[in-house]
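Have a look at the structure below before the remarks.
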Amino acid sequence: MNEFKDMLTVSKPDLPDFDRYVAALRDIWELRHVTNRGKYHGAFEERLAGYLGTDHLSLTCNGTIALEVALRALEVTGEVITTPFTFAATAHAIHSVGCTPVFCDIDPETMCLDPARIEALITPETSAIMPVHVYGRPCNLAAIEDVARVHGLKVIYDAAHAFGVRLPDGESLLAQGDISILSLHATKVFNTVEGGAVIARDEGVKVRVERLLNFGLDHSGLVVEPGTNGKMGELSAAWGVLLLDDIDEAIAHRGRVAARYRERLSKVAGLTLPAPMPGVIPNHIYFPVLVEQDYLGGASGVQAGLVDNDILARRYFYPLISNIDSYASLPSAAPEKLPVANTIAEKVLCLPIYSTLALDDVDRICDHITAGALQGVARTATWGR
Ligand code: T4K
7 MNEFKDMLTV SKPDLPDFDR YVAALRDIWE LRHVTNRGKY HGAFEERLAG
57 YLGTDHLSLT CNGTIALEVA LRALEVTGEV ITTPFTFAAT AHAIHSVGCT
107 PVFCDIDPET MCLDPARIEA LITPETSAIM PVHVYGRPCN LAAIEDVARV
157 HGLKVIYDAA HAFGVRLPDG ESLLAQGDIS ILSLHATKVF NTVEGGAVIA
207 RDEGVKVRVE RLLNFGLDHS GLVVEPGTNG KMGELSAAWG VLLLDDIDEA
257 IAHRGRVAAR YRERLSKVAG LTLPAPMPGV IPNHIYFPVL VEQDYLGGAS
307 GVQAGLVDND ILARRYFYPL ISNIDSYASL PSAAPEKLPV ANTIAEKVLC
357 LPIYSTLALD DVDRICDHIT AGALQGVART ATWGR
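Numbering follows this note's numbering, with no gaps: position 166 of the sequence shown is 172.
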């Protein structure tokens, strides 16, 4: 099955140089140390922390386990205030550790959790806030820290999208909160096929995180608490070590793609492009566009038109996670309590963006998006080829 190869898909994974990866595989083959903190795991963990500018980083098998382990390491219980405008994994991780997600509306500019609305949701059961730097756009960190400090809450940032993002003062966005987590899934800016990381505020939390990632075993091999298996293996770590060599150029090309989309689409009536955040060094992980309902049938109409032309755009994040059956009956999930998130989710469409996307193809995508409108195609029409 090769359905993605020749299509313009919302993302395409970066691959390490084939010959170098085969050489690393041969090395692992000969060492016969294939998982459980081998040579490549150690090298990758160190280099990744250096690149990201973070201390206390632990590699994981994916971002979802990283979230669950973060919640466990900080002994979070009861209710966790989070955003509905995110991937399912955020709420699922909260649910998986026996807590209840409490959905809080988002800020229309950052599209992240609105700090002004957190306080009204705090109850005696609340023990943590889990904001998401959605699309790698930083949350309002200072305001979130203030609320957390006043109410004695832990802060776990779901920074799955935030690889390499720097704040205006040059600090890593991943070095925030009590813990931040990263996803290194194939569809992300930087990947290890499957993978993730937990970035703890201090060494004590990191020790606990590493124990929980390894069945609750301490350094002497004794099981001291219930843990899970969240380790990254050597094949993924070797992939990561090699890809790090190319990451700056990969992000730079994504920047060129984003700039071309802006040039082509920013003046199109009916489309809104979220403004870049002042001073933030972005990673261009996604390119979201908000589509008005009367523009070619809205986000779903534009998406269908693109699919007709072998272009797979994705509606990250529609439907809102608060509206799926598993969570919709929660009091905080009522759509009237989440007006901004519901409005943005209705309009959002993420266009293809990845480091091997040619600028000619970006033009082709923009032509498809704008041509129907320019030709006065009926607003609900499906587009032909
Ligand atoms: N928190 C947040 C905020 C997250 O967004 C995520 C994950 C997590 C936590 C959890 O992290 P992980 O446990 O996943 O590490 C993707 C990813 O599976 C998921 O990692 C990601 N967020 C989510 C937003 O999107 P899909 O279902 O969209 O992937 P898929 O298979 O449809 O692929 C998307 C596009 O990429 C396609 O158009 C084709 C292309 N593709 C994909 C794969 C897998 C390829 O060209 N080759 C490939 O091998 O979920």
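Idealized CB from N, CA, C, for every residue including glycine.
Bear in mind the structure is a predicted one, so any value in this text is a computation, not a measurement.
Under the three-state reduction of DSSP output, Asn348 falls in the helix class. Distance from the CA atom of Arg172 to the CA atom of Glu36, rounded to whole angstroms, is 39 Å. Contact check for Leu344 against Phe93 fails: the beta carbons are separated by 8 Å or more. Here DSSP, grouped into helix, strand and coil, assigns Ile128 to coil. Minimum Cα-Cα distance from His62 among the listed residues Thr89, Thr96, Ile205, Lys45 corresponds to Ile205. Relative to ligand 1, the nearest heavy atom lies less than 7 Å away from the CB of Gly202. Using a Cβ distance threshold of 8 Å, Pro358 and Tyr141 do not count as a contacting pair. Note on the stretch 279-353: whole alpha helix (DSSP H) runs with a minimum of 4 residues are 304-314, 331-334, 345-353, in chain order. The beta carbon of Arg26 sits closer than 7 Å to those of Leu248, all from its chain and outside the five residues before and after it, given in chain order.
Distance check between Leu147 and each of Leu180, Tyr333, Leu31 places Leu180 closest, using alpha-carbon atoms only. Within the stretch 112-170, the runs of alpha helix (DSSP H) at least 4 residues long that lie entirely inside it are, in chain order, 147-157. Assignment of beta-bridge partners to Arg172 by DSSP yields Ser178, Ile287. Non-local C-beta neighbours of Gly276 in its own chain, meaning closer than 6 Å and more than five positions away in sequence, comprise Glu298, Tyr301, ordered along the chain. Along the length of the stretch 62-102, whole beta strand (DSSP E) runs at least 3 residues long occupy 63-66, 85-88, reported in chain order.
Contact annotation: Cys118 and Arg143 have beta-carbon atoms nearer than 8 Å.
Using a Cβ distance threshold of 8 Å, Thr41 and Lys237 count as a contacting pair. Contact annotation: Asp184 and Val215 have beta-carbon atoms that are not nearer than 8 Å. The DSSP-derived three-state label of Thr106 is strand. Non-local beta-carbon contacts of Gly201 in its own chain, meaning distances under 6 Å to residues more than five positions away in sequence, involve Leu190, Met238, Ser242 in chain order. Taken from the Cβ of Lys273, every heavy atom of ligand 1 lies 7 Å or farther away. Of the heavy atoms belonging to ligand 1, none sits nearer than 7 Å to the Cβ of Asp111.
In this structure, Val354 sits away from Tyr267, with a CB-CB distance that is not shorter than 8 Å. Just measuring C-alpha positions, the residue of Ile287, Val16, Asn220, Leu58 sitting nearest Asp175 is Ile287.
Using a C-beta cut-off of 8 Å, the stretch 63-71 makes contact with the stretch 211-226, since at least three inter-stretch Cβ pairs fall below that distance. If you ignore the 5 residues before and after Asp111, its C-beta comes within less than 6 Å of the C-beta of Asp120, Arg123, Leu344, Val346, Ala347, all in its own chain and listed in chain order. Membership of Leu188 in the beta strand (DSSP E) is indicated by the continuous run 185-189.
The C-alpha of Arg155 lies about 46 Å from the C-alpha of Ile317. The three-state reading of DSSP puts Ile205 in strand, counting E and B together.
Shortest Cα-Cα distance from Ile350 to any of Leu279, Tyr57, Glu177 involves Leu279. Closest option to Asp208, judged by alpha-carbon separation, among Asp33, Tyr292, Ser64: Ser64. In the structure shown, the three-state DSSP call for Thr193 is coil. Judged by beta-carbon spacing, Arg262 lies within the 8 Å limit of Leu365, meaning their Cβ atoms are closer than that value.
Leu58: member of the alpha helix (DSSP H) spanning 45-58, first to last residue.
Here DSSP, grouped into helix, strand and coil, assigns Val229 to strand.
Of the candidates Glu131, Asp113, Thr129, His157, the residue whose Cα lies closest to the Cα of Pro137 is Asp113.
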